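Participant: Using the numbering used here, read the sequence shown as starting at 359 and increasing by one per residue. Provided herewith is a single structure, encoded as structure tokens, for subsequent inquiry.
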Amino acid sequence: LRSVRRLQIKIVGVGHWKKGSKSLMKAFFTSLSFPGTTDFYLNAISHIESDAGGATLDEGVLSLFRNGKQYPCVERFSLDARDGNAHEDTNTWFTLAFPIGLFPNMKELSLSSNAGLEIEEWKPDGDGDGDSTGAWQYPALEKITIKSVPRHMVMVGWFVERVMAEQKKRGE
359 LRSVRRLQIK IVGVGHWKKG SKSLMKAFFT SLSFPGTTDF YLNAISHIES
409 DAGGATLDEG VLSLFRNGKQ YPCVERFSLD ARDGNAHEDT NTWFTLAFPI
459 GLFPNMKELS LSSNAGLEIE EWKPDGDGDG DSTGAWQYPA LEKITIKSVP
509 RHMVMVGWFV ERVMAEQKKR GE
């Protein structure tokens, strides 16, 4: 879909999907490509059952990504992860394996959550969960925005630290 410049996807119920939902979503997005998209907004909403529990966003989010040719022009990526049950005293968190290397032209990364957000790097490995073809390169980020519950900032901070170390290693 070449004409799509701003792509916004909202995934509801992540972590609590019915059988077959993941494969249906993966089949749908595997067939799509967004070569003209420069702004990608991803909103993931889940309802964590416990006041001190967690949920993974992987099953919904990773089904959106195939290889570096799917979103080659994305410059701004925004992830907003929301716990629909969160309140001021909640100590909940999300985990996410994020394919940052599939966005080689990304300049701005925004991560927002009303719960903790623990992010690990994910690379497609050709085992059926991803296609190992296409580019894999850390982007040269110019701006990183983090909006999180103060007590959980360190969780997302580890991911940002790894990204910044990779950029420093390349001299950027």
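Just so you know, even glycine gets a beta-carbon here, dropped at the ideal spot from N, CA and C. Note that this is a predicted model, so its numbers are computed, not measured.
Whole alpha helix (DSSP H) runs in the segment 409-472 with 4 or more residues, listed along the chain?
Facilitator: 416-419
Participant: If you follow the alpha helix (DSSP H) that Gln366 is part of, which residue opens it and which one closes it?
Facilitator: Start at 1 with the first residue of the sequence shown, and residue 366 comes out as number 8. Under the DSSP assignment, Gln366 falls outside any alpha helix (DSSP H), being part of the beta strand (DSSP E) whose first and last residues are Arg364 to Val370.
Participant: Below 7 angstroms CB to CB, which residues in the same chain sit around Asn472 once its five sequence neighbours on both sides are set aside?
Facilitator: By one-based count along the sequence shown, residue 472 stands at place 114. Closer than 7 angstroms at Cβ, skipping near neighbours: Arg440, Asp441, Ala444 and Val507.
Participant: At the level of alpha carbons, what is the spacing between Trp480 and Ala455?
Facilitator: Numbered from its first residue, the sequence shown carries residue 480 at position 122. Numbered from its first residue, the sequence shown carries residue 455 at position 97. The straight-line gap from Cα to Cα measures roughly 5 angstroms.
Participant: Tell me where the beta strand (DSSP E) around Phe398 begins and ends.
Facilitator: The residue given as residue 398 occupies position 40 in the sequence shown. Run containing Phe398: Asp397 to Ser404, per the beta strand (DSSP E) assignment.
Participant: Kindly give me the distance between the Cβ atoms of Arg424 and Thr453, rounded to whole angstroms, as I take these residues to be in contact under 8 angstroms.
Facilitator: As a working note, residue 424 is residue 66 in the sequence shown. As a working note, residue 453 is residue 95 in the sequence shown. The pair is not a contact, with the Cβ atoms about 21 angstroms apart (cut-off 8 angstroms).
Participant: Strictly by DSSP, which residues pair up with Glu479?
Facilitator: On the sequence shown, residue 479 is found 121 positions in, with the first residue counted as 1. In the DSSP secondary-structure assignment, Glu479 is bridged to Phe456.
Participant: Ordered along the chain, which non-local residues of its own chain (more than five positions away) have a Cβ less than 6 angstroms from that of Ala467?
Facilitator: Stepping through the sequence shown from its first residue, residue 467 is reached at position 109. Residue identity differs from the one stated: residue 467 is Leu in this sequence, not Ala. Around Leu467: Phe435, Leu499 and Ile502.
Participant: Identify the residues that DSSP records as bridge partners of Lys501: which are they?
Facilitator: Start at 1 with the first residue of the sequence shown, and residue 501 comes out as number 143. The partner list for Lys501 (beta bridge, DSSP) reads Glu466.
Participant: Starting from Glu530, trace the alpha helix (DSSP H) in both directions and tell me its first and last residue.
Facilitator: Looking up residue 530 in the sequence shown gives position 172. Segment: none, Glu530 is in no alpha helix (DSSP H) and carries neither H nor E.
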